[in-house]
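See structure below.
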Amino acid sequence: MHHSGPNPPELRSIIEELEYRIHPAPLAWANSLHRISFKVLSRVHSAISPQLATLPHFPTTTKEFHEPLINILKTIVKVSGRMGRGGRAREVVDTNGMCFEHPSRGVPDGFYLAPDAVVKARGNSFELPSVSACSAVDKTVGYTNVTTVMVFKLDSKTSDVEDDIIDDEVYRMGLFAKAIFLCQPNRLFVRVLVITEKRVRLIQYDRAGALYTPLINYHDNPRMLIRFVVGLASRYEDQLGLDTSVQWGTQGGRKTPGIITITDPFTGLPRVYTMLTVRPFINRADLCGRGTRMWDVTDKNGGDLVLKDAWSTGAHGKPEYVYLAKAEGIEGVQQLVDYEDRTGRPNGEIRSFRPASGSPIERFNDEAELLEAVHDAIAAHWKLLERGVLHCDISTGNILFGEGKNPLPGVRGILIDLDYATEVDYTRPSINLRSVGTRFYQSIILLKGLAGQYKPAHDHLDDLESFYYVLLDLTFGRSDPGKSWVIDWMENEWDNDDEQLSASAKDYFLRRPLKVGDVPSFWSEECKEMLVCMHNFIGDLVREKIAIVGDMTQPWCPENMAQLYAEKDGHYRGILAMIEKAISFKSPVDIW
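For the record, in the sequence shown the residue sitting at position 355 is 355 according to full-length UniProt numbering, with numbers rising by one throughout.
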């Protein structure tokens, strides 16, 4: 078990996420936080003044000032009245040496890092920690029921001028912030404290990155320490960074399914949706970014819906609900039932509601089910393009089966997640030069274009190539590694962090002939032949496009690209015809 040292793999991921996203905050920002009454400030100041004098001036270890500092923090919360009735609403807990289980994905067993102190909380957004397989994990306090965490350092080990020291401090505190975000899915931001024997620093984490205050000498300015601690022990959950439109029930210290409320954008009236489960079925582990959560909910009539909560900067274009509105009535594309746009508010997010669909496409049971779903998803993609919208993020995660046991043709596969969609007008040159998508499924030219000066816009050819990679992933993914050069090549190269290596691997794959014998034997002959035909078809399209743009270091002829785009209907008809031919045999091949 690790009690004091962070887990290196998890720390590396934090560093990657926060790189270029750490910013100093002026003292004026710190002064604007957690304003409390002069009466409370004065009362707490009088109570802690004698205790501040007990802190050692030149400690050699944090152990020398740990206990007196804990006592100061407890006094601040108690005297300010934040402990509430029974003294348990907000409570400073000395957690040094305790074991907290980290919920982050990718953290191995045995990682139980706890901070030096926390403010433990009771209330709607908090609950007791889950039962752990490790008996040493504390059962009364954890990342599920804290408002903040605090770490103690020697003053000589921190700095206001050395960027490396500051960044390292922000990275390491980010481990705690990430755990809180995961355990408290209605979190909009997390604020934590680094405290030395002399100074205090507040760090705020939200989906945009991290802000940190200067180190503030709390012996000279004790009111800042008081305001920080009192604010982080607030009884008002919105002041703690919690979204109060998400409300749980409670029973025995545990959350029970509650409600999520949105405001009608036209009438201003509330609309209430009921959770089916306590936790979202998707809760992205990333500290920064969209922070997507997805919940199963019901409306007032008992209809099943999926609620999607995601933070947006607008950096990737218009909000998803704009494109979903354009997709109204298109079979095979998720439909918009309701939405709430809160991006104009601090830490505002966008909520959208869609009808519940079937399971993810990875869970297909037989060949026909898979091919029918992919067929309808591609057909829906074509119809969406006719409305002037390009999906731009084709992956296995964004295709669902239709609802019910035997969905009708047209809705056997459902395209979801238009977060990265863009508007397309083939009558005008595109100015959209974004490169988005999931690395494994991204097209060759998109990947190569990341380093190119004259990269073309994301287009339907890129998405059709991604559809082919989806099919390959699903058809070859259930063969044993080593039995096919294709699956080994995909697993080892396509997801490479280096976009140029990933592009080269896919380019090599498409240039190499695919044979019927390369496809795993449990697929039908018709399916194998379809994959071979699609391999040649997609390969030809990629090579035709590469012939136009070259290595993207020089200007290329837009008229030639326009001629290629003019054939887009034929591109869709061609790939759909291949799938239809394989489906027509109604293969009953059971993949399980």
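Beta carbons: idealized from backbone N, C-alpha and C, even for Gly.
- The stretch 413–421 makes contact with the stretch 372–384: 3 or more CB pairs, one atom from each, lie closer than 8 Å.
- For Asn536, the secondary structure class from DSSP, reduced to helix, strand or coil, is helix.
- Here Phe522 carries a coil assignment [DSSP, helix/strand/coil].
- Annotation: the continuous alpha helix (DSSP H) that includes His45 extends over 38–52.
- Buried is the label assigned to Thr475, since at least 16 other Cβ atoms lie within 10 Å of its Cβ.
- Counting of Cβ neighbours within 10 angstroms places Ser584 among the exposed residues, the total staying below 16.
- According to DSSP, residue pairing for Leu305 in a beta bridge involves Val297, Pro355.
- Runs of alpha helix (DSSP H) with 4 or more residues, each lying fully within the UniProt domain "Fungal-type protein kinase" (357–472), are found at 367–386, 444–449, listed in chain order.
- Taking a 10 Å sphere around the C-beta of Trp485, we find fewer than 16 other C-beta atoms and assign the residue as exposed.
- Here Arg342 is buried, its C-beta having at least 16 other C-beta atoms within 10 Å.
- For Thr75, no beta strand (DSSP E) encloses it; the enclosing alpha helix (DSSP H) starts and ends at 63–79.
- In the DSSP annotation of this structure, the continuous segment of the alpha helix (DSSP H) that includes Tyr171 starts and ends at 163–183.
- The C-alpha of Thr75 is placed about 8 Å away from the C-alpha of Val44.
- For Trp489, the enclosing alpha helix (DSSP H) covers residues 485–489.
- For Gln247, the uninterrupted beta strand (DSSP E) segment begins and ends at 246–251.
- Ranked by Cα distance from Asp299, the options Gln204, Pro355, Lys448, Lys326 are led by Pro355.
- Selection Lys139, Glu491, Asn186 evaluated against Thr147 yields Asn186 as nearest (Cα-Cα).
- Secondary structure note for Phe152: its beta strand (DSSP E) is the uninterrupted segment 146–152.
- Non-local C-beta neighbours of Ala53 in its own chain, meaning closer than 8 Å and more than five positions away in sequence, are absent.
- Judged by DSSP secondary structure, Val200 falls within the beta strand (DSSP E) whose first and last residues are 199–206.
- With fewer than 16 other CB atoms across the displayed protein chains lying within 10 angstroms of its CB, Ile165 is exposed.
- Here Met561 is actually not in contact with Ile546; their C-beta atoms are around 12 Å apart, not less than 8 Å.
- If you look at Val141, you'll find it isn't in any alpha helix (DSSP H); DSSP assigns it neither H nor E.
- With fewer than 16 other Cβ atoms from the protein chains shown falling within 10 Å of its own Cβ, Trp29 counts as exposed.
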